Amino acid sequence: MVLEFFWSAGGVFVEAMTEMRFFRRSPAVVEIPPNIRSEIRAGILVCTSPRSGSNHLAGLMASAGLGHPLEWFGGRRLLELPDYPRDPRAQLLRALTQGRSSTGVYAIKLFASQFAQLAKKVKLPASLPNLSYVRLTRDDLLGQAISWARARQTREFRSTEISHLPPRYNGRAIVESLDKILMENLAWDAWFAKNGLLCLSLTYEQIQRDPADSLTKLAQLVDVEPNWETDLRSGLEIQRDAINKEWRKRFLSEYADPSSFRYRMIR
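Residue numbers (numbering that gives the first Met the number 0): 0 to 266.
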């Protein structure tokens, strides 16, 4: 019998589950071929959640020679590349090669939900050489939730993508997106705290204000000399517009209630 803790918007509850663990394959450390390992200087794991500005950061990092932090373990990578491997071990090797810049720095973007599935098969941190961690968040969580609800509806996750589906306000979808983002953040915070891991913390707003400063901190993290043009660009434009502003106003009129506060103790 296994007890598992689940987080919900109203608090924590415990569910008893029975698992036949002897049928499950234990996660393993992926052996890195010497020819790949010899080309690696350092690695960056960007630990984040959807609509945190991670695509913008990925473009900036690529332009600065700090790796290519894409979703190498599932997500949109599988949708964009029909021949992309499904085996997480093969995906890891792709991250160490195609996710690596000429500086020898590789980078990976990972959502907590992806990490939870990956950890069942691969011991990721133990498999990644010379790894450093970046915790990317967004100060405006409601704005993040609105952005995600809209992107999930229109399938327009980047400014370079064209959607033919008009966005329509859905308050419940925003609530659901906000709950999932909070869960992602909580999972990352718990993992870092439980394992005593240090990370470089960056926010979307901080990167927007001063991308050069954020990239300098990233370069220092992996001991790379900053060497890029002053006019740094990710190749993406801000998708937030008047529709997002309208949705925020409508959402707050429907759901905001500062007098209500939900908290449940863990005993």
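We put the CB at the ideal spot given by N, CA and C, even for glycine.
Remember, predicted model here, so these are calculated numbers, not experimental data.
Note down the Cα distance separating residue i from residue j, rounded to an integer number of angstroms.
i	j	result
Ala-111	Asp-188	10 Å
Glu-175	Ile-39	40 Å
Leu-177	Ile-145	8 Å
Phe-21	Ala-27	Only weak support exists for where Phe-21 lies, its pLDDT of 42 falling under 50; the value from the coordinates is given anyway. Roughly 15 Å between the two C-alpha positions.
Ile-43	Ser-200	12 Å
Asp-256	Arg-249	13 Å
Thr-96	Ile-35	7 Å
Gly-66	Cys-46	15 Å
Lys-120	Leu-92	15 Å
Ile-173	Pro-32	44 Å
Thr-153	Tyr-168	11 Å
Phe-72	Val-223	26 Å
Tyr-83	Ala-192	33 Å
Leu-141	Glu-155	19 Å
Assign residue i to one of three DSSP states: helix, strand, or coil.
i	result
Phe-110	strand
Ile-242	helix
Ser-131	strand
Thr-136	strand
Val-121	strand
Thr-102	coil
Ala-41	strand
Leu-177	helix
Ala-255	coil
Ser-25	coil
Met-65	Per the sequence shown, the amino acid found at residue 65 is Leu instead of Met. Three-state result, Leu-65: coil.
Leu-201	strand
Assuming residue i contacts residue j under a Cβ cut-off of 8 Å, what Cβ separation, rounded to an integer in Å, is found between them?
i	j	result
Leu-217	Val-133	7 Å
Pro-87	Leu-117	6 Å
Trp-227	Ala-106	Wrong, their Cβ atoms sit about 15 Å apart, outside the cutoff.
Leaving out five residues before and five after residue i in sequence, what residues of the same chain have Cβ atoms less than 7 Å from its Cβ?
i	result
Leu-69	Ala-57, Arg-76, Gly-98, Lys-108
With a threshold of 6 Å (Cβ to nearest heavy atom), would residue i be considered close to the ligand MG?
i	result
Lys-244	The ligand MG is absent from the structure shown, which contains no ligands of any kind.
Note down, in chain order, each residue of its chain lying with its Cβ closer than 6 Å to the Cβ of residue i, except the 5 sequence neighbours on either side.
i	result
Asn-243	Ile-145
Can you find at least 3 beta carbon pairs, one from the segment 136-144 and one from the segment 47-58, that sit closer than 8 Å? yes
Touch test, the segment 57-67 against the segment 118-125, Cβ-Cβ under 8 Å, three pairs minimum: no
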